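First comes the structure, then the notes that go with it.
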Amino acid sequence: MSFYIKNLQNVEEIARAQQDPRRVVVMRFGRAETEEGRRIDQLISLVKDSVSRYFVFFGCELEDIPREIKAKYTITKEMKDVLIFFHRQQPLEVSFNQQPPSIHVVEPFSGHDDFLSLLVQVHQGVARNQTHIRAFASYAQHSTPPRPEHQAQKEETQAKSEKGLGTRLGAACFQ
644 MSFYIKNLQN
654 VEEIARAQQD
664 PRRVVVMRFG
674 RAETEEGRRI
684 DQLISLVKDS
694 VSRYFVFFGC
704 ELEDIPREIK
714 AKYTITKEMK
724 DVLIFFHRQQ
734 PLEVSFNQQP
744 PSIHVVEPFS
754 GHDDFLSLLV
764 QVHQGVARNQ
774 THIRAFASYA
784 QHSTPPRPEH
794 QAQKEETQAK
804 SEKGLGTRLG
814 AACFQ
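The working numbering numbers the first residue of the sequence shown as 644 and each following residue consecutively.
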């Protein structure tokens, strides 16, 4: 049982949450007592208030999953911590960090930025009516993308010529 996010009690809760066509339902299947389960629940708890307009989160312990959900979404006891995204009562296939598309997102998140990046990209895919969504980890560590070498040389040449032009103009004005 998770202390960070709402725990799924019955199938009717999912049905009620899925009735809102603007929201994506995110379910975490796994064990809250494991280290990875707690970490995912903490990531969800960090962002859930800021994205509550677009997402609803539930935690579901593997032992407490109703049979119809286990059968419908192929949830087994061997699965560690899995996120499944639903929109309009259909699971979304999400490809995160070059993984093949699947309804089960099992890749570890390196932190808050990766998880928030995933949510943003899933929401953008839903807004475009996509059922197969490709999402990538955050690029926060690459705040300035690497420039091609020819572009860097062009900028340096341009800066030098502007500097030279300014000193020549300044000298001409004072003569």
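By construction, the Cβ of each residue, glycine as well, lies at the ideal position given by its N, Cα and C atoms.
Just so you know, these numbers come straight off a predicted model, no measurement behind them.
Item	Value
Nearest neighbour of Gln-767, chosen from Gln-652, Ala-658, Phe-698 and Arg-659 [CA to CA]	Phe-698
Per-residue DSSP class, three states only, for Val-668	strand
Pairwise C-alpha distance: Glu-721 and Pro-664	32 Å
Helix, strand or coil at Gln-662 [DSSP, three-state]	coil
Beta-bridge pairing of Ala-780 - partner residues as DSSP gives them	Paired residue(s): none; Ala-780 is not in a bridge.
For Val-765, the nearest candidate out of Val-690, Glu-736 and Asp-756 (CA to CA)	Glu-736
Contact belief for Phe-739 with Leu-686 at Cβ below 8 Å, rounded distance in angstroms	So it is not a contact: roughly 14 Å between Cβ atoms.
Cβ neighbour criterion (16 or more within 10 Å) applied to Val-667	buried
Contiguous beta strand (DSSP E) assignments of at least 3 residues, all confined to the region 664 to 719	667 to 673 and 698 to 704
Buried/exposed call for Asp-724, threshold 16 Cβ in 10 Å	buried
Among Asp-756, His-730 and Asp-692, nearest to Arg-771 - alpha-carbon criterion	His-730
Reduced DSSP category for His-775 - H, G, I as helix; E, B as strand; rest coil	strand
Simplified DSSP assignment, three categories, for Val-769	helix
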